[in-house]
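Novice: Residue numbers (the working numbering): 125 to 217.
First the structure, then my questions, so here it is.
Put into structure tokens, the structure is as follows:
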């Protein structure tokens with residue numbers, strides 16, 4: 125929580141359409157899944173309920189992407205050195 129906003133940060137995806145703290149998840153989906161971002165890039169965008177913003181990486185893009193309440197911030201640091209950070213606390217958040 126930051127300024128009354130709930131952020132969920134996962135490596136690749138949150139594998140449900142509604143977030144619930146403590147709900148068991150398939151760790152492989154959290155680490156590897158690309159279905160949601162692929163769907164979003166193809167125009168099938170769905171908000172994830174239960175939090176204000178979801179922040180994901182894992183799928184490199186030229187620039188950060190935003191679909192509904194999801195941000196995809198992997199800008200390929202491993203390949204080109206471009207690292208994207210999101211400030212969720214403090215001044216400027």
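Heads up, the beta-carbon is just placed ideally off N, CA and C, and yes, glycines get one too.
All values reported here derive from a predicted model rather than from experimental measurement.
Please work out which residues of its chain come closer than 7 Å, Cβ to Cβ, to residue 185, disregarding the five sequence neighbours upstream and downstream, and give them in chain order.
Specialist: 196, 198 and 199
Novice: Straight-line CA distance for residue 161 to residue 154?
Specialist: 13 Å
Novice: Between the Cα of residue 176 and the Cα atoms of 214, 149, 135 and 144, which residue gives the shortest distance?
Specialist: 144
Novice: Using a threshold of 7 Å, is the CB atom of residue 212 nearer than that to any non-hydrogen atom of the ligand MN?
Specialist: As for the ligand MN, it is missing from this structure, which has no ligand bound.
Novice: Please state if the CB of residue 164 and the CB of residue 191 are separated by a distance shorter than 8 Å.
Specialist: yes
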